[in-house]
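Reading through the structure tokens given below for one structure.
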Amino acid sequence: MLELGLAEGLLKILLWVVPAVAATMAADRVFLHDSWRTLGLDSRFGGYRFGFLATLPMAIIVVFFALGRLDSDELVGSVLLGPFAEEVLFRGFLLRRLLFDAGWRPLPAMIASAALFGLAHVGTPGQGIVDLILLAAGGLAFAWICLKWDSLWPAIGLHAFINFWWVLSDPAPHTSAQLVSIGHLLSIATALLITRRRGARIGNG
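If you want my numbering, it's the 1-based position in the sequence shown plus 87.
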């Protein structure tokens, strides 16, 4: 997930977002604008602001203990395109279809989308089984956030800023990498806490 280059980010848009939008348009017999609404993309709901605030713990650790250099290809691929494509496919399309078309209950639908999100990263360089389990757990958190806000944008913003701080961090020192991982977990916890305290409701799709 964190080693996406520009080409891979564009490929995910082409292979994941375009088919998800096309399938939504065909299944619901709607035009492009209405398909965005179905996917949870009709309102931004301050998604990137939410992502920035939630990842402040990770930001502080990276800036003070693990600051590296930002690569422009990684910025576009891993921070802008990758998170958008992944959230559209796994939360906007798959999760919502399981819930509102297949009639699944929220928890099984969230677990299924999270598991597939983790499996999609099999073969990514540097990802072991523990990493894939953690990715699936993160996918479960993203799914819950999407449902509570009834929008895809908070998860996109959170995903984007998590990737941004990872890309900006220096992976060389082992201790620094561990600190950034702690910041990552604290940021996910912060996002869940903000969402719960705002009292956002589960929408109807």
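For each residue, glycine too, the CB sits at the ideal point set by N, CA and C.
query = According to DSSP, is Ser-238 helix, strand or coil?
reply = Per DSSP, reduced to three states, the secondary structure at Ser-238 is coil, with no helix or strand assignment.
Close-in-space but distant-in-sequence residues of the same chain around His-271 (CB under 7 Å, 5 per side omitted) = In chain order, Met-145 and Ile-249 place their CB closer than 7 Å to the CB of His-271, counting only its own chain and leaving out the 5 sequence neighbours on each side.
ask   = From His-120 to Phe-152, what distance separates their C-alpha atoms?
value = His-120 and Phe-152 have their C-alpha atoms spaced approximately 44 Å apart.
inquiry  = Among Ile-198, Pro-193 and Leu-219, whose alpha-carbon lies nearest the alpha-carbon of Lys-235?
reply    = That would be Pro-193, whose Cα lies nearest to the Cα of Lys-235.
inquiry  = Taking the beta carbon of Gly-215 as the centre, do at least 16 other beta carbons fall within 10 Å, making it buried, or is it exposed?
reply    = So Gly-215 counts as exposed.
Where Leu-157 sits in the DSSP three-state scheme = In this structure, Leu-157 counts as coil in the three-state DSSP scheme.
request  = Determine contact between the segment 120-129 and the segment 175-185, defined as no fewer than three beta-carbon pairs at a distance below 8 Å.
outcome  = Per the Cβ contact rule, the segment 120-129 is in contact with the segment 175-185 (3 or more Cβ pairs under 8 Å).
task = Evaluate the contact criterion for the segment 97-113 versus the segment 219-239: three or more CB pairs, one atom per stretch, below 8 Å.
result = Touching, no.
Beta-carbon proximity of Leu-245 to Thr-142, cut-off 9 Å = The answer is yes: Cβ separation under 9 Å.
ask   = Roughly how many angstroms lie between the CA atoms of Pro-170 and Gly-164, to the nearest whole one?
value = Using only the alpha carbons, I get a separation of about 9 Å.
Buried versus exposed call for Leu-296 [16 or more other C-beta atoms within 10 Å across all chains shown] = This structure leaves residue 296 out entirely; the chain is present only between 88 and 292.
ask   = Among Leu-157, Arg-116, Leu-219 and Ala-196, which one has its Cα closest to the Cα of Trp-253?
value = Comparing Cα positions, the closest option is Leu-157.
ask   = In the DSSP assignment, what are the bridge partners of Ser-256?
value = Looking at the DSSP assignment, Ser-256 forms a beta bridge with Leu-154.
query = Which value, in whole angstroms, describes the spacing of the CA atoms of Glu-310 and Ala-242?
reply = This structure does not reach residue 310, given that the chain is present from 88 up to 292, and the question cannot be answered.
key: Leu-203 beta carbon less than 9 Å from that of Ile-100   = Contact flag unset, no.
query = Mind checking Leu-91: buried by the 16 CB within 10 Å criterion, or exposed?
reply = Reliability of the predicted coordinates at Leu-91 is poor, the pLDDT of 49 falling under 50, and the value obtained from them is presented with this limitation in mind. It is buried - the Cβ of Leu-91 has at least 16 other Cβ atoms within 10 Å.
task = Enumerate in chain order the residues of its own chain whose CB-to-CB distance from Ile-220 is below 8 Å, with the five nearest sequence positions on each side excluded.
result = Here Ile-220 has Gly-205 as same chain residues with Cβ atoms under 8 Å from its own Cβ, once five neighbours each way along the sequence are excluded.
ask   = In this structure, does DSSP put Gly-169 in helix, strand or coil?
value = It is helical.
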